[in-house]
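In this note's numbering, the protein residues as written are 558 to 1102. Step one of this worksheet: look at the structure below.
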């Protein structure tokens, strides 16, 4: 970059990184099939569109009372409607963008929001390191394979809450240190220009808005996000007017969120995770079921030390080992440098430890059977989605090591190894995210195209009110049809067939004669309609005795 000032080099480098990251994050959104790889993503897209069109975070289902199971995964029946089990913040934010292509652009916009957070992360690292160290740290963080995956599967809320958390944390740091002319990081041209053009109160108002959005997307993550906010705001004592502006910004989010929750769940503080299906006429709510509801509120997966160690070993050590090595090496070097460790810069290490402790306690005990291979360490496993904050800590570690190596070995070969390590890390991250296993982006892209073809074929035999049941393929058919997963009892499907005039489809692996006879035993005959590689689509029709 001969002839360029340092400031121009920095600007060009971070801009190029943002463009590069967004290109990778476009692998799945560019499929444009209106199908998604999971029921959670599907639910986000549908609820966002319904909020935009009707102002409602639920779908009307008049048969839900008689047939409580009549909904796909990530939904629950509640009266004469079905409601999403997830938090409403991400669908609500996405609803403002539905007008772009009737929802077809939602994955693109969500991916852009997630990738944009590389900028505030870079600026936060820049407060402690030169721009090259901050750049390599940002590259290491955003090249973490699960982060690349969920930047593509962007309608999941997990990467989004980290993105908005980073933006709000950066904004807090700008506000908290805006009065300090000696802070070189805050005197950067972008922050300086914004302060010149925008009143301080607008910053504070935006902070309230962003913080509330972060909380609304996944409130449980506040257990580890709030301490980071407090640390970023060190030394700032907001005035009375600033507190009012924060409250005003937050109320713009929380008031509509509470109204949506009240409509959907019957209470302004309702959460779909705590709800159960409409009670069946043949069952009653027991003490055990009530205890299960209470346990979901505190530890959704319970607490099992063996599972915590098993998940940690399989995913952090087995799959993400290069990033773990960087993080461990950085902590070791920081610990040896006692003068640095004793300073306020050691606080991020403590907060990182707290964050990982919280996420492991909440999510580490999960028994995640996301893949057909039992305990298979694949990139799409939910444990990696829940522990995405590790990407930021690995990025901090990479930036710290870059700075330390440059200061200690700037004239030796050890320093020149750092760019090589960074490039290899990025290449390995892309490989793991795009090609490494059957949940990687390349194979997911093919699956989305297959899903679209199956859905189009199903329209030949079924109409929108018809029901298609499957074990895990509701994401293919919903919302074009009434999709149900997992399979309800055969007797319930027979009861539905007798009570309604809708067709019933069955999407499943090829049925043996014995399995067909089992359906006949409840009065339903399975007629094969089409074959799709390893699955078949059947029509279940009543067979009168």
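Note that beta-carbon positions come from the ideal geometry of N, C-alpha and C, so glycine has one too.
Exercise for the section: Grab me the residues of residue 1084's own chain with a C-beta within less than 7 Å of its C-beta, minus the 5 sequence neighbours each way, in chain order. Expected result: 1095, 1096 and 1098
Problem - residue 1084 in three-state terms, based on DSSP - result: strand
Exercise for the section: Can you tell me which of 1046, 1021, 1044 and 1045 puts its alpha carbon nearest to the alpha carbon of residue 1034? Expected result: Minimum Cα distance to residue 1034 is reached at 1021.
Problem - Residues that residue 1092 bridges to, as DSSP identifies them - result: 1089
Exercise for the section: Below 7 Å CB to CB, which residues in the same chain sit around residue 805 once its five sequence neighbours on both sides are set aside? Expected result: 762 and 765
Exercise for the section: May I have the straight-line CA-CA distance separating residue 730 from residue 990, to the nearest angstrom? Expected result: Their Cα atoms are separated by approximately 32 Å.
Practice task
Work out the CA separation of residue 1047 and residue 1001 for me, nearest whole Å.
Solution key: 31 Å
Exercise for the section: Taking only the alpha-carbon atoms, compute the straight-line gap between residue 920 and residue 643 and give it to the nearest angstrom. Expected result: Between residue 920 and residue 643, the C-alpha separation is close to 16 Å.
Problem - Where the alpha helix (DSSP H) through residue 1014 begins and ends - result: 998-1015
Exercise for the section: Below 6 Å CB to CB, which residues in the same chain sit around residue 827 once its five sequence neighbours on both sides are set aside? Expected result: Once the five neighbours on either side are set aside, the close Cβ partners of residue 827 are 818.
Exercise for the section: Measure the C-alpha to C-alpha separation of residue 576 and residue 979 and round it to an integer number of angstroms. Expected result: Straight-line Cα distance between these residues: approximately 18 Å.
Practice task
State the Cα-Cα distance for the pair residue 916 and residue 1018, rounded to the nearest angstrom.
Solution key: 46 Å
Exercise for the section: Counting only the same chain and skipping the five closest in sequence on each side, list residues whose C-beta sits under 8 Å from that of residue 614. Expected result: Take residue 614, set aside five residues on each side of it, and the residues of its chain with a beta-carbon closer than 8 Å to its own are 604, 607, 608, 640, 641, 645, 648, 649, 817, 818, 820 and 821, in chain order.
Practice task
Can you give me the start and stop residues for the alpha helix (DSSP H) that residue 680 sits inside?
Solution key: 675-683
Handout entry: Element boundaries [alpha helix (DSSP H), containing residue 882]
Key = 878-893
Practice task
Taking all protein chains shown into account, decide if residue 563 is buried (16 or more other Cβ within 10 angstroms of its Cβ) or exposed.
Solution key: exposed
Handout entry: Bounding residues of the beta strand (DSSP E) (the contiguous stretch that carries residue 638)
Key = 638-641
Problem - Buried or exposed by the 16-neighbour rule on C-beta atoms within 10 Å, applied to residue 964 - result: exposed
Handout entry: Per-residue DSSP class, three states only, for residue 1039
Key = strand
Problem - Collapsed DSSP secondary structure at residue 1069 in the structure displayed - result: coil
Exercise for the section: Could you pull out every residue in the same chain whose Cβ sits closer than 6 Å to the Cβ of residue 812, ignoring the five residues on either side in sequence? Expected result: none
Exercise for the section: Spell out the partners DSSP gives residue 1062 in its beta bridges. Expected result: 1025 and 1096
Handout entry: Per DSSP, cross-strand counterpart(s) of residue 580
Key = Answer by DSSP bridge pairing: none, since residue 580 is not bridged.
Handout entry: Counted within 10 angstroms of its Cβ, other Cβ atoms place residue 570 as buried (16 or more) or exposed
Key = buried
Exercise for the section: Please name the residue in 669, 713 and 623 whose C-alpha comes closest to that of residue 1155. Expected result: Any question about residue 1155 goes unanswered here, given that the chain covers just 558 to 1102.
Practice task
May I have the straight-line CA-CA distance separating residue 697 from residue 860, to the nearest angstrom?
Solution key: 31 Å
Handout entry: For residue 717 and residue 594, the rounded distance between their alpha carbons
Key = 17 Å
Problem - Range covered by the beta strand (DSSP E) that runs through residue 632 - result: 632-635
Practice task
Provide the residue span of the alpha helix (DSSP H) that contains residue 943, from first to last.
Solution key: 939-943
Problem - Per DSSP, the bridge partner or partners of residue 617 - result: 638
Practice task
Grab the span of the alpha helix (DSSP H) containing residue 808 for me, first residue to last.
Solution key: 797-822
Practice task
Report yes if the C-beta distance between residue 583 and residue 665 is below 9 Å; otherwise report no.
Solution key: yes
Practice task
Taking only the alpha-carbon atoms, compute the straight-line gap between residue 680 and residue 602 and give it to the nearest angstrom.
Solution key: Straight across, the Cα-Cα distance linking residue 680 with residue 602 is about 31 Å.
Handout entry: residue 864 (DSSP reduced to helix, strand or coil)
Key = helix
Problem - Secondary structure of residue 991, DSSP reduced to three states - result: In the structure shown, residue 991 sits in a helix (DSSP, three-state: H, G or I).
Practice task
With a 10 Å radius around its C-beta and 16 neighbouring C-beta atoms as the bar for buried, classify residue 1027 as buried or exposed.
Solution key: buried
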